[in-house]
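Quick note, the sequences are listed as chains A and B, same order. So the first sequence is numbered by the numbering used here: it starts at -5 and just counts up by one. So the second sequence is numbered by the numbering used here: it starts at 6 and just counts up by one. Here is the structure we will look at, set down as structure tokens.
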Amino acid sequence: MTPGIAARLHAVRGARSSGVIDERTRLRRITDDVARPLETWPGGAWWACFGVAFAALSLGVGCVTYEIATGIGTWGLNRTVGWAFDITNFVFWVGIGHAGTLISAILLLFRQRWRTSINRAAEAMTIFAVVCAAIFPLIHMGRPWLAFWVLPYPNSRGPLWVNFRSPLLWDVFAINTYLTISLVFWYVGMIPDFATLRDRTAAGARKAIYGLLSLGWNGSHRTWSRYETLCTLLAGLATPLVVSVHTIVSMDFATSILPGWHTTLFPPYFVAGAVYSGFGMVTTLLIVTRSVMHLEAYITDRHLDAMAKVMLLTGSMVGFSYGTEFFAAWYGGNLYEFATIFGRAVGPYAWAFWTMVACNAAAPQLLWSRRVRASVPVLFILSVLVNVGMWFERFVIIVTSLHRSYLPSSWVMYRPTLIEVGTLIGSFGLFFTCFLLFIQALPMIAIWEIKADAAIGSEGAHG
Amino acid sequence: MARQGLVASFADPESLVEAVTAVRARGIKVYDVYAPFPVHGLDEAMGLRRSRLGFVSLAAGAVGLVAALSFQFYANVFDWSLNVGGKPDNSTLAFVPITFEITILAAGLATALAFFLRAGLFPGASAALAAPGVTNDRFAIVLRWTSPRFESGEAQLILHQRGAIDVRPLEIGAER
């Protein structure tokens, strides 16, 4: 080393500024805060929630086992109402998932930075919701061990292919693609965080698992650069996917000739409803999670406010769709359509219809008020009501359209059996059990994304 | 064979970007930079090209599209035409939803796979870090050993002037 340079080097080292310490502790604190729940034994509140969720799941497992062992006759379905609780639950759960993709993909493309601390949890919610949804068509088959018949594989029956013109088959492809791409997106997003956890965990089984999951991630910027491109591409692919999934679900109904189903309004109406119910569920979950896991610093009132505004927007779109349905039924001049749509409001299932209107169209209008959006308890109640309302929406669409069709001699009432109610409760149990395990086992907040945002924030503050 | 290099640790992303810019301005090649998050402005500072992953998406999506559409056409028209409600064998419009889903699926999976291959990420890959804490709160620059500048201490001085908190030699390849 030349003497001149050595002297200057010494001088620079001596004059080391201490300002950099803040930056390091800030980044380290983010890691500590997010990793804390993963490194400590869960608290009483978590165990209480888990106990309830697991009990519900057990009930569901019991009901489904009984149904598969005995047959679909254990449900309240009859020859007129062939779809009821199960398909209602299917559409409900698929819809819940949509908010996760919206938050993780669409808001990423729009560079909405508030999404950062909630996107991981929302993506997890998507995956669990889609799994819950997929169970219902499977158990409705009656013989779920033959479920692979829905796949177009070379078989010894010809091969006799599946009917590619059927919306039910489109559903198979849509749901499977949605689940696969959501899983890939979720996992890819967690790789850097697995590396962070790996490097702060002492040698042992946990470190080995994190090591395996982190795929040898070492923080290389050449990789980061490609990684950001990958995330943008996956987001770009997931965005049309999420719209297509609920569009296809709506086509299960819209491509039939049944009054109340046969309408071109369904795809946009279903997509808006899906996002609406999903945001309701995200809000419910995050209000509980942030207090149970003490993450108020990351999931702030600003997040709740933004989610409330999305609920207000999509809720109003759903309310507008209800109005449009009535207008089209009246203006279209089709007697059967008119009878079905107006029958919803005044017929035997009017109680379900008005529950739906009250929860979905009326209640969210309170969100225009800033005070309502700022009140966590009120927001919590509203978000639960949204989910109640959206479940009833699917119930109303499915059951009221079926129970009175063209032929008055086949008019019947549908009543769910306890097995069906138990299965619905069980699906909630599965969803919440998965979610509770997720927040305890995986980083529920994207550590690296929070750090990137914090850095951009400090850059702005510096000038 | 492991090559010799130099690793400099930083505590904040701004100094890191400045240091990378300064080092490259002197004509010293940057081997790689390590950070706990994608640092804004590093792509430009390092002179990285835009990733070509998008072409993988496009190609895989196109393959998925053609494969899905032609398979449905083959199954319905040539292999076993099934009369469902009198609809034509080649009901192309009805094939659109599945074709769309397969296009997305193929593009998404292929892009993720291409990324893993290109970045050398796979289960069981070793991850020796360039400097402790680069997945938590530290940033690091790794330079290839270029004799005159390193021996004179010039490179070390530039790094220290830009706020490096630690500069030490490193065997490149060991951290991979």
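Quick reminder that beta carbons are idealized off the backbone N, C-alpha and C, glycines included.
* Pair every Cβ in the region 367 to 380 of chain A with every Cβ in the region 420 to 434 of chain A, then say whether three or more of these pairs are closer than 8 Å. => no
* Check the DSSP bridge columns for I146 of chain B and list the partner residues they point to. => Here the question's residue 146 of chain B lines up with position 141 in the second sequence. Beta-bridge pairing links I146 of chain B to B:A13 and B:V38.
* Asked: For E106 of chain B versus T174 of chain A, is the C-beta distance shorter than 7 Å?
  -> In the second sequence, residue 106 of chain B corresponds to position 101, counting from 1. In the first sequence, residue 174 of chain A corresponds to position 180, counting from 1. No; because the gap between Cβ atoms is not below 7 Å, this pair is not in contact.
* Please list the partners that G129 of chain B has in chain A, where partner means a Cβ-to-Cβ separation under 9 Å. => In the second sequence, the residue the question calls residue 129 of chain B occupies position 124. The contacting residues are G205, L206, L209 and G210.
* To do: Please name the residue or residues paired with L175 of chain B in a DSSP beta bridge.
  => Your numbering for residue 175 of chain B matches position 170 in the second sequence. B:G10.
* To do: Tell me whether S98 of chain A sits in a helix, a strand or coil according to DSSP, three-state version.
  => Counting from one through the first sequence, the residue named residue 98 of chain A turns up at place 104. Three-state result, S98 of chain A: helix.
* Asked: From what residue to what residue does the alpha helix (DSSP H) around Q359 of chain A run?
  -> As a position in the first sequence, residue 359 of chain A is number 365, starting the count at 1. Segment: none, Q359 of chain A is in no alpha helix (DSSP H) and carries neither H nor E.
* Put S404 of chain A into one of helix, strand or coil per three-state DSSP. => As a first step, residue 404 of chain A must be located in the first sequence, where it is residue number 410. Helix, per DSSP.
* Asked: Which residue comes first and which comes last in the alpha helix (DSSP H) that contains C43 of chain A?
  -> Counting from 1 along the first sequence, the entry for residue 43 of chain A is found at position 49. Counting along the chain, the alpha helix (DSSP H) containing C43 of chain A begins and ends at G38 to T64.
* Asked: From this set, B:Y36, B:E23, B:K34 and B:V68, which residue's C-alpha is nearest L110 of chain B's C-alpha?
  -> Counting from 1 along the second sequence, the entry for residue 110 of chain B is found at position 105. Nearest option by C-alpha distance: B:V68.
* Check whether the Cβ atoms of A346 of chain A and V390 of chain A sit closer than 7 Å, and answer yes or no. => Here residue 346 of chain A refers to the residue found at position 352 of the first sequence. Here residue 390 of chain A refers to the residue found at position 396 of the first sequence. Yes, the pair counts as a contact, with Cβ atoms nearer than the cut-off.
* **Rounded straight-line distance, which links the Cα of R296 of chain A to that of S176 of chain A** => Numbered from its first residue, the first sequence carries residue 176 of chain A at position 182. Numbered from its first residue, the first sequence carries residue 296 of chain A at position 302. Cα to Cα, S176 of chain A sits roughly 26 Å from R296 of chain A.
* May I ask you to report which of helix, strand or coil DSSP gives G13 of chain A? => As a first step, residue 13 of chain A is located in the first sequence; it is residue number 19 there, counting from the start. Interpretation of G13 of chain A is limited by its pLDDT of 47, a score under 50 that renders its predicted location unreliable; the figure taken from the coordinates is listed afterwards. In this structure, G13 of chain A counts as coil in the three-state DSSP scheme.
* Should G460 of chain A go down as buried or exposed, given a rule of 16 or more other Cβ atoms within 10 Å for buried? -> In this structure chain A extends from -5 to 457, so residue 460 of chain A is not present and cannot be described.
* **Distance CB(Y36 of chain B)-CB(G10 of chain B) smaller than 7 Å** => For the purposes of this step, residue 36 of chain B is identified with residue 31 of the second sequence, where counting begins at 1. For the purposes of this step, residue 10 of chain B is identified with residue 5 of the second sequence, where counting begins at 1. Yes, they are a contact pair.
* **Own chain, CB closer than 6 Å to D171 of chain B, minus 5 neighbours either side, in chain order** => On the second sequence, position 166 is the one that residue 171 of chain B refers to. Closer than 6 Å at Cβ, skipping near neighbours: S14.
* **CB contact check: E106 of chain B to chain A, cutoff 7 Å** => Taking the first residue of the second sequence as 1, we reach residue 106 of chain B at position 101. Yes, E106 of chain B lies at the interface with chain A (some Cβ there is under 7 Å from its Cβ).
* Along chain B, which residues have their Cβ under 8 Å away from the Cβ of N113 of chain A? -> Position 119 of the first sequence, counted from the first residue, corresponds to residue 113 of chain A. By Cβ distance, chain B contributes nothing, its closest Cβ being about 15 Å from N113 of chain A, past 8 Å.
* chain B contacts made by the region 136 to 153 of chain A, where a contact means CB separation under 9 Å -> P146, G152 and P153
* **Short CB-CB distance (under 7 Å) between P93 of chain B and chain A** => Counting from one through the second sequence, the residue named residue 93 of chain B turns up at place 88. Taking Cβ atoms only, chain A never reaches closer than 7 Å to P93 of chain B, which makes this a no.
* In terms of residues, what are the limits of the alpha helix (DSSP H) holding H165 of chain B? -> Start at 1 with the first residue of the second sequence, and residue 165 of chain B comes out as number 160. Counting along the chain, the alpha helix (DSSP H) containing H165 of chain B begins and ends at E159 to Q166.
* Asked: Going along the chain, which residues of its own chain have a beta-carbon closer than 7 Å to the beta-carbon of V406 of chain A, five neighbours each way excluded?
  -> Here the question's residue 406 of chain A lines up with position 412 in the first sequence. Excluding sequence neighbours, V406 of chain A sits near N72, T74, V75 and H397.
* Under the three-state DSSP convention, the category S214 of chain A falls into -> Counting from 1 along the first sequence, the entry for residue 214 of chain A is found at position 220. Looking at S214 of chain A - three-state DSSP - the assignment turns out to be strand.
* **Nearest neighbour of A339 of chain A, chosen from A:M275, A:S363, A:V265 and A:G317 [CA to CA]** => Taking the first residue of the first sequence as 1, we reach residue 339 of chain A at position 345. The option with the nearest alpha carbon to A339 of chain A is A:G317.
* Quick one: residues in its chain with C-beta nearer than 8 Å to the C-beta of S238 of chain A, no 5 flanking neighbours on either side, listed in chain order? => Translated into positions along the first sequence, residue 238 of chain A becomes position 244. Result list for S238 of chain A: A168, in chain order.
* Does any C-beta atom of chain E lie closer than 7 Å to the C-beta of W150 of chain B? -> Within the model displayed, chain E is absent; protein chains A and B are what it includes.
* To do: State the Cα-Cα distance for the pair A136 of chain B and W385 of chain A, rounded to the nearest angstrom.
  => As a position in the second sequence, residue 136 of chain B is number 131, starting the count at 1. As a position in the first sequence, residue 385 of chain A is number 391, starting the count at 1. The alpha-carbon atoms of A136 of chain B and W385 of chain A are separated by roughly 52 Å.
* To do: Count the other C-beta atoms from every protein chain shown that fall within 10 angstroms of the C-beta of E117 of chain A, then say buried if there are 16 or more, exposed otherwise.
  => In the first sequence, residue 117 of chain A corresponds to position 123, counting from 1. Classification of E117 of chain A: buried, given that the 10 Å Cβ count is 16 or more.
* Asked: Taking all protein chains shown into account, do 16 or more other C-beta atoms lie within 10 angstroms of the C-beta of Q77 of chain B, making it buried, or fewer, making it exposed?
  -> Within the second sequence, the letter at position 72 stands for residue 77 of chain B. Counting other Cβ atoms within 10 Å of its Cβ, Q77 of chain B reaches 16 or more and is therefore classed as buried.
* To do: Apply the 10 Å Cβ neighbour rule to E319 of chain A and answer buried if 16 or more other Cβ atoms are within range, or exposed otherwise.
  => Taking the first sequence and counting its residues from 1, the one referred to as residue 319 of chain A is at position 325. When all chains shown are included, E319 of chain A counts as buried.
* Compare the Cα-Cα distances from G65 of chain A to each of A:R30, A:G94, A:M135 and A:T190 and report the closest residue. => One-based indexing of the first sequence puts residue 65 of chain A at position 71. Here the closest residue by C-alpha is A:M135.
* Would you say Y39 of chain B faces chain A, with C-beta separation under 7 Å as the test? -> Counting from one through the second sequence, the residue named residue 39 of chain B turns up at place 34. Answer yes: the Cβ-Cβ gap between Y39 of chain B and chain A drops below 7 Å somewhere.
* Contact list for the region 110 to 137 of chain B against chain A, Cβ threshold 9 Å -> L110, A112, G113, L114, T116, A117, A119, F120, F121, R123, A124, G125, L126, F127, P128, G129, A130, S131, A132, A133, L134, A135 and P137
* For chain A, find out if any of its Cβ atoms is closer than 7 Å to the Cβ of T140 of chain B; answer yes or no. => Translated into the one-based positions of the second sequence, residue 140 of chain B becomes position 135. Answer yes: the Cβ-Cβ gap between T140 of chain B and chain A drops below 7 Å somewhere.
* Asked: Any residues in the region 35 to 63 of chain B with a beta carbon nearer than 8 Å to a beta carbon of chain A? Which ones, in chain order?
  -> D37, V38, Y39, A40, P41, F42, P43, V44, H45, L47, D48, M51, L53, R55, S56, L58, G59 and S62
* Mind checking whether T308 of chain A and A248 of chain A have CB atoms under 7 Å apart? -> Along the first sequence, read from residue 1 onward, the residue named residue 308 of chain A stands at position 314. Along the first sequence, read from residue 1 onward, the residue named residue 248 of chain A stands at position 254. Not closer than 7 Å, so no.
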